[in-house]
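Residue numbers (our numbering), protein chains in the order written: chain A, 1 to 275; chain B, 1001 to 1358. Beta carbons: idealized from backbone N, C-alpha and C, even for Gly. First comes the structure, then the notes that go with it.
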Amino acid sequence: MTHPVMQEDTYTTPDGRKIGGVVMEMKNITLRFGGVTAIKDISFDIREGEVRAIIGPNGAGKSSMLNVINGFYHPQEGEVWFRGEKRGPMKPYQIARQGIARTFQNIALFKGMSTLDNIMTGRLIHMNTSIASQAFWKGPAESEEIANRERVEKIIDFLEIQTIRKTPVGSLPYGLQKRVELGRALASDPSLLLLDEPMAGMNVEEKEDMSRFILDVNDEFGTTIALIEHDMGVVMDISDRVVVMDYGAKIGDGTPDEVRKNEKVIAAYLGVAHD
Amino acid sequence: MIYREVGDFKTTYRADGQTFPIWFDRIRYYVVLLIAFCVVPFIINDYWLNAVLLPFLIYAIAAIGLNILTGYCGQVSLGTGGFMAVGAYSCYKLMTGFPDLNIMFCVLLSGVITALVGMLFGLPSLRIKGFYLAVATLAAQFFLVWLFNKVAWFYNYSASGQITAPERTIFGYRITGAETSAPVTYLFCLVLVVILAIVARNLTRGHLGRSWMAIRDMDIAAEIIGVNPLKAKLTAFGISSFYIGVAGALLFAVYLGAVEVGEVFGIQKSFLVLFMIIIGGLGSIFGSFAGAAFMVLLPVLLKNVLVGTLGWPTDIATHLEFAIVGALIIVFLILEPHGLAQLWRIIKEKLRLWPFPH
Chain A
1 MTHPVMQEDT YTTPDGRKIG GVVMEMKNIT LRFGGVTAIK DISFDIREGE VRAIIGPNGA
61 GKSSMLNVIN GFYHPQEGEV WFRGEKRGPM KPYQIARQGI ARTFQNIALF KGMSTLDNIM
121 TGRLIHMNTS IASQAFWKGP AESEEIANRE RVEKIIDFLE IQTIRKTPVG SLPYGLQKRV
181 ELGRALASDP SLLLLDEPMA GMNVEEKEDM SRFILDVNDE FGTTIALIEH DMGVVMDISD
241 RVVVMDYGAK IGDGTPDEVR KNEKVIAAYL GVAHD
Chain B
1001 MIYREVGDFK TTYRADGQTF PIWFDRIRYY VVLLIAFCVV PFIINDYWLN AVLLPFLIYA
1061 IAAIGLNILT GYCGQVSLGT GGFMAVGAYS CYKLMTGFPD LNIMFCVLLS GVITALVGML
1121 FGLPSLRIKG FYLAVATLAA QFFLVWLFNK VAWFYNYSAS GQITAPERTI FGYRITGAET
1181 SAPVTYLFCL VLVVILAIVA RNLTRGHLGR SWMAIRDMDI AAEIIGVNPL KAKLTAFGIS
1241 SFYIGVAGAL LFAVYLGAVE VGEVFGIQKS FLVLFMIIIG GLGSIFGSFA GAAFMVLLPV
1301 LLKNVLVGTL GWPTDIATHL EFAIVGALII VFLILEPHGL AQLWRIIKEK LRLWPFPH
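Here it is as structure tokens:
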């Protein structure tokens, strides 16, 4: 049976970027925790090079959806297809090695380590010298370290965090921690980047900075981005297509303009009179 | 004044990544090595060796080992004494079973055997964390001591149940057995300590060390960036146990010469090494040395002051010694919960500005 995943139909965004075929497809995903159904029969796809937003009121199941995508939760029903292959039972670290990285809603940095070390952990999936080689350091271990350090320094430059390179991340302000976390996710050279509320708790300037970084990542590295965000202004500005969830079900899917006009979406966000 | 990083620019990532990036630190490190290798062996006597230097060196290895597991990978272990016993009994079986085997190989092989045992007992760490893991390793402690008491094969069916190190030499110098000379055993342990400390530093600064620290700081995030928790935790258990096994083998073969398992490798030993790394500083190689020095030197110092200088009776001094060491640990942990390594870091920060703090 041929599967319909790698559709070759592409589209061009209003700002002229070419969006490629389907990278990731979620098919009829249902996720339950005991009696609670967090996600009800949701299907959507993410295409190469697009910025895909998932929005919805609190408790709609957005974060659960990201957790399904990077293998932290295993849905009871439905299939996840990544790059034309159906995903079998996989551990999160195996999925990370396929090129899917993410950031967290509540910052999940390694508090005991410096900014540099935190971002270097993002390179772990590209580092594989043996224990013996690392024990004596000279040779492969050192050159691997230096090569990866160069890559990390590019990301540090990109995110403009050179001055906090050696600062322990625990002592950094919130906005910078969010940026370091983005750096850690970027360091793994992901093809698909999941961002869970990258702008939560930020002021306007910080949000503008973060939006710029997200668009630059998409633009410069060609990374496909799936993000959850509550700030509608930001979502409508930076995303190409939006999935709207409410109470675990999908109530809308389309371009920002289409979603904005969707009555179910308006109802979910503004509420409607029941009669 | 002399401790400066200003102007000490690094132009390559290699230079920036070295162990002692500051010039003064580097010089100090080489001076310490030079004194340890070229001066101490000539002035050492049996009292200094047995009371201070040998236990310090051997416990430093054990502390580095436990620090890798607890300080770097965040897995609490109370099985140190048991794993040291594995090292000691492996060494004994290797020494008696293969009399021609060089003592250096015996010690290192004991480490390898302990590493395997440690990985076995590390398996529960995949499911349980924190205090529960501590209790699981406590079970390892009691099981291993019981095993070496119960199964006579381990102590070659000797009537006393003790194991005694036979005489072994390297280049004609006696390392174990009776009538060893102080400089020789000192240098033997020193070489092992220096090599193992450098290896530990290298392992903890590379990607293996980062995967351990990632697991320690936030295991879920670590897994999502691609750390295999099974691999990270088991390598930590394995390498940590290797160090602890080597320390156990040295404690038995080089330092004590004869060992009764319950007496030497009991639960007190687990706590002693744990205190060393807590006082010295979790997640720091220097802290392992500092903690080992603190726990080894303090009782000796107190005894010399109380008995030697003040002339108190030995029994009262011994009891007071326990009380004072205990009190000092408490005071110390209240004042500096992150250990001697943190204290050292603070001193260095101050030194950077001295003598013009503004």
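Reducing DSSP to helix, strand and coil, say where residue i ends up.
| i | result |
| --- | --- |
| TRP1212 of chain B | helix |
| MET1 of chain A | In this prediction, MET1 of chain A scores a pLDDT of 37, lower than 50, which makes its location untrustworthy; the coordinate-derived value is nonetheless stated afterwards. Coil. |
| ARG1127 of chain B | coil |
| LEU1069 of chain B | helix |
| TRP81 of chain A | strand |
| GLU1321 of chain B | helix |
| ILE1035 of chain B | helix |
| LEU227 of chain A | strand |
| LYS1010 of chain B | coil |
| GLU197 of chain A | coil |
| MET26 of chain A | strand |
| PHE72 of chain A | coil |
| PHE1098 of chain B | coil |
| LYS111 of chain A | coil |
| ASP246 of chain A | strand |
| PHE1105 of chain B | helix |
| LEU1282 of chain B | coil |
| THR12 of chain A | strand |
| PHE33 of chain A | strand |
Let's see if you can read the secondary structure: which residues bound the alpha helix (DSSP H) around residue i?
| i | result |
| --- | --- |
| ASP1132 of chain B | Sequence inspection shows Tyr at residue 1132 of chain B; the Asp mentioned does not correspond to that position. Element bounds for TYR1132 of chain B: 1130 to 1150. |
| ASP157 of chain A | 140 to 158 |
| LEU1301 of chain B | 1285 to 1303 |
| ILE54 of chain A | Looking at the DSSP string, ILE54 of chain A is not in any alpha helix (DSSP H); the run it does join, the beta strand (DSSP E), is 51 to 55. |
| LYS264 of chain A | 263 to 270 |
Roughly how many angstroms lie between the CA atoms of residue i and residue j, to the nearest whole one?
| i | j | result |
| --- | --- | --- |
| MET1 of chain A | VAL244 of chain A | Residue placement at MET1 of chain A cannot be trusted, given a pLDDT of 37 that sits under 50; what the coordinates show is reported in the next sentence. Rounded to whole angstroms, MET1 of chain A to VAL244 of chain A spans 31 Å at the Cα level. |
| CYS1038 of chain B | VAL1145 of chain B | 39 Å |
| MET6 of chain A | TYR247 of chain A | Its pLDDT being 43, under 50, MET6 of chain A is placed unreliably in this model, and the coordinates cannot settle the point. |
| LYS1303 of chain B | TRP1312 of chain B | 10 Å |
| TRP1212 of chain B | ILE69 of chain A | 25 Å |
| MET210 of chain A | PRO198 of chain A | 7 Å |
| PRO1166 of chain B | LEU1208 of chain B | 38 Å |
| PHE1143 of chain B | PHE1083 of chain B | 11 Å |
| GLY71 of chain A | SER64 of chain A | 10 Å |
| GLY1177 of chain B | PRO1099 of chain B | 13 Å |
| ARG1345 of chain B | THR1164 of chain B | 43 Å |
| VAL80 of chain A | GLY59 of chain A | 22 Å |
| ILE1175 of chain B | VAL1191 of chain B | 13 Å |
| VAL180 of chain A | LEU1272 of chain B | 39 Å |
| THR1169 of chain B | ILE1103 of chain B | 7 Å |
| HIS3 of chain A | GLU50 of chain A | Confidence in HIS3 of chain A is poor, its pLDDT being 40 and thus under 50, which makes the residue's placement unreliable; the coordinate value appears in the next sentence. Cα to Cα, the separation comes out at about 22 Å. |
| ALA135 of chain A | GLY61 of chain A | 45 Å |
| ILE1334 of chain B | ILE1324 of chain B | 15 Å |
| LEU1196 of chain B | ILE131 of chain A | 14 Å |
| ALA1293 of chain B | ALA1063 of chain B | 10 Å |
| LEU1274 of chain B | LEU1147 of chain B | 23 Å |
| GLU1179 of chain B | ILE146 of chain A | 49 Å |
| MET1001 of chain B | LEU1353 of chain B | Bear in mind that the predicted position of MET1001 of chain B carries a pLDDT of just 47, short of 50, making it unreliable; the figure below should be weighed with that in mind. So the two alpha carbons sit approximately 7 Å from each other. |
| VAL1264 of chain B | LEU172 of chain A | 46 Å |
| GLY254 of chain A | PHE213 of chain A | 24 Å |
Since residue i is in the beta strand (DSSP E), which residue starts that stretch and which ends it?
| i | result |
| --- | --- |
| ASP189 of chain A | It is not in any beta strand (DSSP E) - ASP189 of chain A carries neither H nor E in the DSSP assignment. |
| GLY254 of chain A | 249 to 254 |
| VAL234 of chain A | Element bounds for VAL234 of chain A: not the beta strand (DSSP E) but the alpha helix (DSSP H), 232 to 238. |
| ARG279 of chain A | Limits of chain A in this structure are 1 at one end and 275 at the other, which puts residue 279 of chain A out of reach. |
| ARG1345 of chain B | Not the beta strand (DSSP E): ARG1345 of chain B falls in the alpha helix (DSSP H), residues 1339 to 1353. |
| VAL36 of chain A | 36 to 47 |
| ALA101 of chain A | 100 to 102 |
Assuming residue i and residue j are in contact, meaning their beta carbons sit under 8 Å apart, how far apart are those beta carbons, in whole angstroms?
| i | j | result |
| --- | --- | --- |
| ILE1220 of chain B | THR1070 of chain B | At roughly 20 Å, the Cβ-Cβ gap does not stay under 8 Å, so ILE1220 of chain B and THR1070 of chain B are not in contact. |
| ILE1058 of chain B | LEU1250 of chain B | 5 Å |
| ALA1088 of chain B | GLY1248 of chain B | 4 Å |
| LEU1054 of chain B | CYS1189 of chain B | 6 Å |
| LEU1340 of chain B | ALA1290 of chain B | 4 Å |
| LYS250 of chain A | ILE42 of chain A | 5 Å |
| LYS207 of chain A | ASP237 of chain A | Not confirmed; about 10 Å, so no contact. |
| SER1270 of chain B | GLY1079 of chain B | 6 Å |
| THR1204 of chain B | TYR1013 of chain B | With a Cβ gap of about 18 Å, THR1204 of chain B and TYR1013 of chain B do not count as contacting. |
| ASP1046 of chain B | ALA1236 of chain B | With 8 Å as the limit, ASP1046 of chain B and ALA1236 of chain B do not qualify as a contact, their Cβ atoms being about 37 Å apart. |
| HIS1338 of chain B | GLY1281 of chain B | 6 Å |
At a cut-off of 7 Å, would you count residue i as near the ligand FMN, judging by its Cβ distance to the nearest heavy atom?
| i | result |
| --- | --- |
| PHE1356 of chain B | Absence of the ligand FMN is noted for the structure shown, with no ligands found whatsoever. |
Entirely within the region 1145 to 1192 of chain B and at least 3 residues each: give me those beta strand (DSSP E) ranges in chain order.
-> 1168 to 1170, 1173 to 1176
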